[in-house]
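Chemist:
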Amino acid sequence: MKKLAVILASLMVVACASTQKTNTSQANENNATASAAAAKVDLGKLNAEIQQMEKQSDYFDFNKYTVKSEYMNVIQKEAEFLKTHKNDVVTLQGNADERGSEKYNLGLGENRADAVAKVLEKDGVPADQIKMVSLGKDKPRLTCHKEKCWKENRRVDFLHNLG
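Residue numbers (the working numbering): 26 to 188.
#1: Might you give, ordered along the chain, the residues of its own chain that have their beta carbon closer than 7 Å to the beta carbon of V141, omitting 5 neighbours on each side?
#2: If you draw a straight line from the alpha carbon of G149 to that of N112, how long is it in whole angstroms?
#3: To the nearest angstrom, report how far apart Y96 and V114 are at their CA atoms.
#4: Is the beta carbon of G161 sitting closer than 9 Å to the one on N136?
#5: Between F106, D86 and N88, which has its C-alpha nearest A73's C-alpha?
#6: Would you call N186 buried or exposed, if buried means 16 or more other Cβ atoms sit within 10 Å of its Cβ?
#7: Leaving aside the five residues before and after E177 along the sequence, list all residues of the same chain whose C-beta is less than 6 Å from its C-beta, in chain order.
#8: Closer than 7 Å by C-beta to I75: which residues in its own chain qualify, once you throw out the five before and the five after it? Chain order, please.
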C-alpha cells in the first residue's frame, strides 16, 4: 500500500510539472507572436519614414558644391535618424546636370556628396555610417535642356540601407 501511495504521489508531481511546462510554452509562444507583430508594425513605420526621407534631396547652384543654408534642416533630420538607427548606412549620391564633361561632372558630384557628408559628421554621425558615390550626369531626374531641369539635377540624394 505504501508503494502505491508513493507511485501515485510521483505521478501527480510529474503530471503537475508537465502542465506547468505547457502553460509556460504557450505563454512564450504568445509573447513571441506579439513581439513579431510589434516588430512588423515598427518595421513598417521605419520603412515609411525612410521612404519619406529619401524623397528629399539637397540642391546646389551651378558648378558649386557648397551646401546651402536652406537645406541644412534636411541634413539635420538625416543626422538625427542615423544617430538613432546605428545599423543604418546612408549612401550619398552626388549628381550634376548634363553640362560639363563626364570627368568634371563625376568630380562635382563627388564634391557635393562629400560636402553633405562633412555636415553629417559635424552633426555627430560616425563616418562608418556614410558612403558616397558620384553619378555625375548619369542619373538625371529631369531630361529637358533648360534651367528648370538642370536645377533639379544638381543634387545629393540620400539612400538608406538598414543592415
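Positions of the beta carbon are idealized from the N, C-alpha and C atoms, including for glycine.
All figures in this text were calculated on a predicted structure; none of them were measured in a lab.
Modeler: This is what the structure holds:
#1: Taking the sequence shown and counting its residues from 1, one reaches residue 141 at position 116. Result list for V141: D83, V92, I100, L117 and V181, in chain order.
#2: Here residue 149 refers to the residue found at position 124 of the sequence shown. Here residue 112 refers to the residue found at position 87 of the sequence shown. Each residue's alpha carbon lies about 15 Å from the other.
#3: Here residue 96 refers to the residue found at position 71 when the sequence shown is read from its first residue. Here residue 114 refers to the residue found at position 89 when the sequence shown is read from its first residue. Answer to the nearest angstrom: the Cα atoms are 20 Å apart.
#4: Reading the sequence shown from its first residue, position 136 is the one you call residue 161. Reading the sequence shown from its first residue, position 111 is the one you call residue 136. Contact flag unset, no.
#5: Residue mapping note: residue 73 aligns to position 48 of the sequence shown, counting from 1. For A73, the nearest C-alpha among the options comes from F106.
#6: Taking the first residue of the sequence shown as position 1, residue 186 is located at position 161. Residue environment: N186 is assigned as exposed (fewer than 16 neighbouring CB atoms within 10 Å of its CB, all protein chains considered).
#7: In the sequence shown, counting from the first residue as 1, residue 177 sits at position 152. Spatial neighbours of E177 in its own chain (CB-CB distance under 6 Å, excluding positions within 5 residues in sequence) are listed in chain order as R166 and L167.
#8: Taking the first residue of the sequence shown as position 1, residue 75 is located at position 50. Within the same chain, I75 has close Cβ partners H185.
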